[in-house]
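Engineer: Heads up: take any position in the sequence shown, counting from 1, add 39, and you land on the working numbering. Note that CB positions come from ideal geometry on N, CA and C, so glycine has one too.
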Amino acid sequence: MPTNAEAAEILRAIADLLDLEGERFKPEAYRRAARSIETLTEDLKAVAERKELDTIPGIGDAIAEKIQEYLKTGRIAYYDRIRSEVPPGVLELMRLAGVGPKTARRFWVELHITSPKELREAIDAHRLEGVSGIGPRKIELLRSALGPTAARVGTRIPLTEAYAVAQRLLAAIRATGRVERIEAAGSLRRRRETVGDLDLLASSPDAKGVFDVVSGLPGVHEVLLRGETKETVRLDSGLQVDVRVVASNEFGAAFVYFTGSKDHNVHLRTIARDRGLKINEYGIFQGEERVGGATEDEVYAALKLAWIPPELRENRGEIEAAAAGTLPELVTERDVRGELHWHVPPNATREDIEATLAEARRRRMEYVGAVVAGTSVEGGSVKIERGALERLGELHGKRPSGMPIVWLVGEVAGTGTGPEGMELDYLVRRPTKGPAPASRKAFLPTLVIAHLDPTAPPAGTDKERRAWIDWAASHDAALEMGPGPSRLDSIGGGEVRARNGTLAIPTGLGSSPDDPTFPVALGLARRAQANAAQILNARSRAEIEQLLAPRATQERRG
Ligand code: DGT
Ligand code: CA
Ligand code: CA
Numbered sequence: 040m041p042t043n044a045e046a047a048e049i050l051r052a053i054a055d056l057l058d059l060e061g062e063r064f065k066p067e068a069y070r071r072a073a074r075s076i077e078t079l080t081e082d083l084k085a086v087a088e089r090k091e092l093d094t095i096p097g098i099g100d101a102i103a104e105k106i107q108e109y110l111k112t113g114r115i116a117y118y119d120r121i122r123s124e125v126p127p128g129v130l131e132l133m134r135l136a137g138v139g140p141k142t143a144r145r146f147w148v149e150l151h152i153t154s155p156k157e158l159r160e161a162i163d164a165h166r167l168e169g170v171s172g173i174g175p176r177k178i179e180l181l182r183s184a185l186g187p188t189a190a191r192v193g194t195r196i197p198l199t200e201a202y203a204v205a206q207r208l209l210a211a212i213r214a215t216g217r218v219e220r221i222e223a224a225g226s227l228r229r230r231r232e233t234v235g236d237l238d239l240l241a242s243s244p245d246a247k248g249v250f251d252v253v254s255g256l257p258g259v260h261e262v263l264l265r266g267e268t269k270e271t272v273r274l275d276s277g278l279q280v281d282v283r284v285v286a287s288n289e290f291g292a293a294f295v296y297f298t299g300s301k302d303h304n305v306h307l308r309t310i311a312r313d314r315g316l317k318i319n320e321y322g323i324f325q326g327e328e329r330v331g332g333a334t335e336d337e338v339y340a341a342l343k344l345a346w347i348p349p350e351l352r353e354n355r356g357e358i359e360a361a362a363a364g365t366l367p368e369l370v371t372e373r374d375v376r377g378e379l380h381w382h383v384p385p386n387a388t389r390e391d392i393e394a395t396l397a398e399a400r401r402r403r404m405e406y407v408g409a410v411v412a413g414t415s416v417e418g419g420s421v422k423i424e425r426g427a428l429e430r431l432g433e434l435h436g437k438r439p440s441g442m443p444i445v446w447l448v449g450e451v452a453g454t455g456t457g458p459e460g461m462e463l464d465y466l467v468r469r470p471t472k473g474p475a476p477a478s479r480k481a482f483l484p485t486l487v488i489a490h491l492d493p494t495a496p497p498a499g500t501d502k503e504r505r506a507w508i509d510w511a512a513s514h515d516a517a518l519e520m521g522p523g524p525s526r527l528d529s530i531g532g533g534e535v536r537a538r539n540g541t542l543a544i545p546t547g548l549g550s551s552p553d554d555p556t557f558p559v560a561l562g563l564a565r566r567a568q569a570n571a572a573q574i575l576n577a578r579s580r581a582e583i584e585q586l587l588a589p590r591a592t593q594e595r596r597g
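So this is what it looks like as structure tokens:
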């Protein structure tokens, strides 16, 4: 018997197919209808019998007709037809992590790649290199999305992906109550841009109990090795996870050791030796006597060093700085005071706007800049449902009690006006191909957050990035840090800092609670040694308003 859930599923499948065929607006209409049906509290059939299908929000005549057909016959001829037009492998491609309908369509239409297998072959044959819009990072992402293969051994995965996987594992292990404490160490804790394997460090009196838990977690493919204090498993994705269990009084020493980097550790050990001490993963030793190791502070203090933030532990001068008391003050989560680049989801309702503002308030944000106009980086025009747009218009520039102030933002667009004559507060600008524009007059208003062009040809990436860093530094424009090819990694962040430029940290506002955007972007900014003064959205509302003020003055004059 047909169910609401099945009907919704077919509508979603239609949306996917339409996406692949390059349709622009229809897919979203089908998705909206699917969502509506899923939240329906009564049987679709009952609604249809009352001839009230078209009263369901998001269901117009065309979709109502297809639902009727489905309820009568169990099929939708339209679906069968468009499905026959798309090779099944292309649908599989679209479901790979990091491949949306647009990319899948390009693989299919431009590169004649019609299955994951063909994609893997194309990558191995270096056929994707030099294809516009598919840079080396994207290729790495694709390789890991394609799962465990021989080629995969020795490859590294992006930090965002590793972060999300680690959070899931940590939460699952903590929930069992079998560990006193468990944390991610290794390159993930140092927020290296790519991660080779995960290193989890736990304290517990019962290592075997912890390993039993880990081995049985969903997504764990096989146990590669198990010893007294260490277990290594491989996940379905091919990623390896090392788990170590120590006693709670050893945790600090082990945490330093397994956080690395290896070069950092080696340097620490030479300092220890000079002081007549020995440090290893079990503690700090003076001769045979154990003199500490419960906390990281103890380890660094024993070496007369300030505690060093993990993001700096690469043996690039941080140990000398810790000895001299000149470690940089790094931006922290608490410094971030607002979101300047919130993409209102295309189908958000008034209620969704309220919910996001409430989240912003919980996170103690002072301002939220909502993108309401222009072209998104992905290329589509920014489209916001009427109700949400109205609500944003009502809230614009206002601060309902205890709430952040709402600013209206245009993305890429060259004018200061949004839909229905809405006045925009500033623009988020994406560097376009070619040289950076000489003047910011080209896009009034004043405040510009540029993110890098993900479609820039790989060969031009470094040069263009440098041009944009120069341009941003001399135009009060901030560049966004964070995951993904359109944002800056820690090296780029360091270049911006060296030029006295400003960075911005995307907060992941409005995303799911386990979205890695914010922690990853923050970590990369810290790795770039950015302090709060260098982060645009670590400034207060008043300070940002001051940046926006010249525009108001200009307008009054003009
Ligand atoms: P990865 O996994 O390649 O992204 O990088 P890491 O840094 O996570 O390296 P991994 O997983 O091999 O080891 C984790 C940490 O354990 C590493 O950062 C430092 C420590 N470690 C591993 N092997 C050695 C070693 O031979 N000597 C020293 N001193 N430390 C080591
Ligand atoms: Ca590792
Ligand atoms: Ca490891």
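Would Leu-227 and Ala-201 be called neighbours here (beta carbons separated by less than 8 Å)?
Structural biologist: Less than 8 Å separates the beta-carbon of Leu-227 from that of Ala-201.
Engineer: Using alpha carbons as the reference points, say which of Glu-88, Val-125, Leu-79, Val-204 lies closest to Asp-554.
Structural biologist: It is Val-204.
Engineer: Excluding the 5 residues preceding and the 5 following Glu-222 in the sequence, name in chain order all residues of the same chain whose CB lies nearer than 6 Å to its CB.
Structural biologist: Leu-240
Engineer: Examine the Cβ distances between the region 94–103 and the region 65–80 and report whether three or more of them are shorter than 8 Å.
Structural biologist: Because the criterion of three Cβ pairs below 8 Å is met, the region 94–103 and the region 65–80 touch.
Engineer: Can you list the residues near ligand 3, meaning Cβ strictly closer than 5 Å to any non-hydrogen atom, in the order they appear in the chain?
Structural biologist: Asp-236, Asp-238, Asp-281
Engineer: Starting from Gln-279, trace the beta strand (DSSP E) in both directions and tell me its first and last residue.
Structural biologist: In the DSSP annotation of this structure, the continuous segment of the beta strand (DSSP E) that includes Gln-279 starts and ends at 279–285.
Engineer: Using 8 Å as the Cβ pair cut-off and three pairs as the minimum, do the region 569–577 and the region 533–550 touch?
Structural biologist: yes
Engineer: For the beta strand (DSSP E) holding Asp-238, just list the boundary residues, first then last.
Structural biologist: That run of the beta strand (DSSP E) goes 237–242.
Engineer: I'd like the span of the beta strand (DSSP E) that includes Asn-319, first residue to last.
Structural biologist: Asn-319 -> beta strand (DSSP E) spans 317–319.
Engineer: Note down the Cα distance separating Lys-301 from Arg-176, rounded to an integer number of angstroms.
Structural biologist: 25 Å
Engineer: Taking the alpha-carbon of Glu-337 as reference, which of Arg-63, Gly-322, Arg-438, Ser-123 has the nearest alpha-carbon?
Structural biologist: Ranking the options by Cα distance to Glu-337, first place goes to Gly-322.
Engineer: Say yes only if the C-beta of Val-33 is nearer than 7 Å to one or more non-hydrogen atoms of ligand 2, and no if none qualify.
Structural biologist: The chain is shown only over 40 to 597; residue 33 falls outside these bounds and no answer can be derived.
Engineer: Would you list, in sequence order, the uninterrupted beta strand (DSSP E) runs of no fewer than 3 residues that lie entirely inside the region 201–237?
Structural biologist: Restricted to the region 201–237, the beta strand (DSSP E) segments that are unbroken, complete and at least 3 residues in length are 220–223, listed in chain order.
Engineer: In three-state DSSP terms, what is Ser-440?
Structural biologist: coil
Engineer: Could you tell me the alpha carbon to alpha carbon distance between Leu-351 and Asp-374, rounded to whole angstroms?
Structural biologist: 19 Å
Engineer: Just reading off the alpha helix (DSSP H) that His-260 is part of, what are its end residues?
Structural biologist: In the DSSP annotation of this structure, His-260 is not part of any alpha helix (DSSP H); the continuous beta strand (DSSP E) holding it starts and ends at 259–265.
Engineer: Give the single residue among Ile-212, Thr-199, Gly-61 whose Cα lies nearest to the Cα of Trp-147.
Structural biologist: Gly-61
Engineer: Please report how far the alpha carbon of Leu-366 lies from the alpha carbon of Leu-342, in whole angstroms.
Structural biologist: 15 Å
Engineer: Who are Lys-269's beta bridge partners in DSSP?
Structural biologist: Its beta-bridge partners are Arg-283.
Engineer: Counting pairs of beta carbons, one from the region 241–252 and one from the region 271–283, are three or more of them closer than 8 Å?
Structural biologist: Touching, yes.
Engineer: What I want to know is whether the C-beta of Gly-299 ends up closer than 7 Å to one or more non-hydrogen atoms of ligand 1.
Structural biologist: yes
Engineer: Does the beta-carbon of Gly-377 have 16 or more other beta-carbons within 10 angstroms, so that it is buried, or is it exposed?
Structural biologist: buried
Engineer: For Gly-413, count the other beta carbons within 10 Å of its own beta carbon; 16 or more makes it buried, fewer makes it exposed. Which is it?
Structural biologist: Buried, by the Cβ-count rule.
Engineer: Is the beta carbon of Gly-332 closer than 8 Å to that of Asn-288?
Structural biologist: yes
Engineer: How would you label Pro-155, buried or exposed, when you count the other beta carbons within 10 angstroms and need 16 or more for buried?
Structural biologist: buried
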